[in-house]
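Participant: Residue numbers (our numbering), protein chains in the order written: chain A, 56 to 421; chain B, 5 to 243. No residue lacks a Cβ here, since even glycine has one placed at the ideal position from N, Cα and C. The structure displayed is predicted, hence computed values, not measured ones. I'd like to ask some things about the structure below.
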């Protein structure tokens, strides 16, 4: 063991880093961006779920509970009519609504009160605060009428999902899409980088091939791989993990194919900015991780701080994730306007990235 | 049409990369069916000139005409073959798969077997390229460049890094193709190869400093040795 030889290796490594500005940026800038984003997402998320209240009780108990709910910091309440409730859940303007029935005060006399809680149900993270706020309101009620025991028996219904619906069901739908997007992106960027670095792209450019033919060939090839991968992932998710799926499998494939096209073209476009495979891998923390954090896979976009919501709104993955959840959790198909919007936006991103990718093909050779 | 006598007609082209003038008014005329040797030191502009001829670059000044068509022109590339300096191949495909791919993108369905035979890789046709030696890769690369029977074949330093035996074999192949009517432009900085060309162009600092048959070049420089002739003519160009 020679200290000098060890030192030579260490020194050589550090000298290399000094000239590789991009790796330095990755090492020292990317962690701050990712951690900063995560901190802002978790601490800054001030938007509490929107809950509608319909107090049908003419007695005192209903108004006491409604007032207590209104003061809760866990939820944002508004007075609604129960007949509008389900449509407000569907259009996403409410996460839940609570109905205090007309015999609510009598129920309190008889010892068991049963408020009706209608949850949207697709976001397990939202259910907790709503039920917790209700519980706190009822404890407050009990403390105002001491002596007599009151049992709480909230009647919970869910628009989507159902009772066995859990966190995995919520994340699973999004992750099925993410896995395809991420892996197709990685194999495309590496494959296209090889095409550039091994000199074959130059040969293709010196042949009668047109750029659109190269792009289309790549897209079809990787989309086929992505769809085969989707079959495997979906069979595993549905048969082994038993992830909730209310939608049509072919609609899922349609969205996955669209995501694969976006991923392929993003890979071709970004491959232009990398000279080695090592540099290509560096795009993962910079281009993929922020998208994963902001696309609503983990933190619902609606609960993000306002500033980050604008950022989420311009990321293709946000729409793809939302679309996948609509299909698998809510059973959406292409007649739903929300799914038309999501797939439409992803398609526009695909077209923009095809144009950008084609443009980079020209720039490198001219 | 007088320019139809030339397979390649490059008139006073200039091309700069930033502040570096790779080509500075270079002119090159290659007759049909000849082997033309493009000679010059590294960085003289040989590769830039070849990339202009295949339309990978656009000249800032001057014109490039290939087989009667102004470049860049995608459709004429069907009749052009291009072998890059490095053996540009797909390493995970076999020899046959590589050649078949380049045949297909050039619109040639047949010719794969002939091309593999010509470069004598028949025994290795099923071998994956990443397992081949450097010389075999170079041969496979040549097969990919000529599989569609191009009228014009551009070879950028095809004999760099290959052993003398294979080099002799390559030049035999080139001569046979020229006899079959193919025009070849071969760039090199190895002077002893230059004697095998019908005509030579000496390029330096982005300009054509001398053109002619090997014998003409020798007599102009007044030496018997091409290497000396080149150094003498290049020295004159520098002055």
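#1: Cβ of residue 322 (chain A) less than 7 Å from any chain B Cβ?
#2: For residue 233 (chain B), which of B:209, B:137, B:199 has the nearest alpha-carbon?
#3: Where does the unbroken beta strand (DSSP E) through residue 24 (chain B) begin, and where does it stop?
#4: My assumption, with CB atoms under 8 Å, is that residue 255 (chain A) sits in contact with residue 323 (chain A). Please give the rounded CB distance.
#5: Quick check on residue 261 (chain A) - is its C-beta less than 7 Å from some C-beta in chain B?
#6: With a threshold of 8 Å, are at least 3 pairs of Cβ atoms found where one atom belongs to the stretch 85-97 of chain A and the other to the stretch 152-170 of chain A?
#7: Just to confirm the assignment, what range does the beta strand (DSSP E) spanning residue 133 (chain A) have?
#8: State the DSSP-derived secondary structure class of residue 421 (chain A), mapped to helix, strand or coil.
#9: Near residue 348 (chain A), which residues of its chain fall below 8 Å by C-beta distance, leaving aside the five closest residues on each side in sequence?
#10: Taking the beta strand (DSSP E) that residue 107 (chain A) belongs to, which residues open and close that run?
#11: Secondary structure at residue 238 (chain B), three-state DSSP: helix, strand or coil?
#12: Starting from the beta carbon of residue 257 (chain A), find every residue of chain B whose beta carbon is closer than 7 Å, and list them in chain order.
#13: For residue 269 (chain A), which three-state DSSP category applies?
#14: With a 10 Å radius around its C-beta and 16 neighbouring C-beta atoms as the bar for buried, classify residue 100 (chain B) as buried or exposed.
#15: Taking all protein chains shown into account, do 16 or more other C-beta atoms lie within 10 angstroms of the C-beta of residue 46 (chain B), making it buried, or fewer, making it exposed?
#16: Does the Cβ of residue 143 (chain B) have 16 or more other Cβ atoms within 10 Å, making it buried, or fewer, making it exposed?
#17: For residue 137 (chain B), which option in B:165, B:160, B:149 has the closest C-alpha, if you only look at C-alpha atoms?
#18: Which whole runs of the beta strand (DSSP E) in the stretch 153-207 of chain B are 3 residues long or more, in chain order?
#19: Between the beta-carbon of residue 163 (chain B) and the beta-carbon of residue 178 (chain B), is there less than 7 Å?
#20: Helix, strand or coil, according to DSSP, for residue 207 (chain A) in the structure here?
#21: Taking just the CA atoms, how far does residue 276 (chain A) sit from residue 409 (chain A)?
#22: Taking 7 Å as the CB-CB cut-off, is residue 276 (chain A) touching chain B?
#23: Could you tell me whether the Cβ atoms of residue 357 (chain A) and residue 370 (chain A) are closer together than 7 Å?
#24: Check for me: the beta strand (DSSP E) holding residue 13 (chain B) runs from which residue to which?
#25: Give the range of the alpha helix (DSSP H) segment to which residue 382 (chain A) is assigned.
#26: Per DSSP, what are the beta-bridge partners of residue 174 (chain A) in this structure?
#27: Do the stretch 6-25 of chain B and the stretch 33-44 of chain B touch if we need at least three Cβ pairs shorter than 8 Å?
#28: According to DSSP, what are the bridge partners of residue 65 (chain B)?
#29: Can you tell me whether residue 242 (chain B) is buried or exposed, with buried defined as 16 or more other CB within 10 angstroms of its CB?
#30: Please say whether residue 43 (chain B) and residue 206 (chain B) have beta carbons closer to each other than 7 Å?
#31: Would the stretch 389-408 of chain A count as touching the stretch 230-247 of chain A if we require 3 or more Cβ pairs under 8 Å?
#32: Decide yes or no for the touch test of the stretch 290-298 of chain A against the stretch 323-332 of chain A: beta carbon pairs closer than 8 Å, at least 3 of them.
#33: Taking the C-alpha atoms as reference points, what is the distance between residue 213 (chain B) and residue 62 (chain B)?
#34: Assign residue 87 (chain B) to one of three DSSP states: helix, strand, or coil.
#35: Could you tell me whether the Cβ of residue 420 (chain A) comes closer than 7 Å to any Cβ of chain B?
#36: For residue 151 (chain B), would you say it is in contact with chain A, using Cβ-to-Cβ distances shorter than 7 Å as the test?
Facilitator: Per the coordinate set shown:
#1: no
#2: B:199
#3: 24-35
#4: The pair is not a contact, with the Cβ atoms about 14 Å apart (cut-off 8 Å).
#5: yes
#6: no
#7: 131-134
#8: Only weak support exists for where residue 421 (chain A) lies, its pLDDT of 41 falling under 50; the coordinates are left without a value.
#9: 89, 92, 93, 96, 354
#10: 105-110
#11: helix
#12: 60, 88, 92
#13: helix
#14: buried
#15: exposed
#16: buried
#17: B:165
#18: 156-160, 187-192
#19: no
#20: strand
#21: 15 Å
#22: no
#23: no
#24: 10-21
#25: 371-385
#26: A:151, A:213
#27: yes
#28: B:18
#29: Because residue 242 (chain B) carries a pLDDT of 49, less than 50, the predicted location of this residue cannot be relied on, and no value is offered for it.
#30: yes
#31: no
#32: no
#33: 22 Å
#34: strand
#35: Unreliable placement is indicated for residue 420 (chain A), whose pLDDT of 47 sits below 50; the coordinate value is still reported in the next sentence. Yes - at least one Cβ of chain B is within 7 Å of the one on residue 420 (chain A).
#36: no
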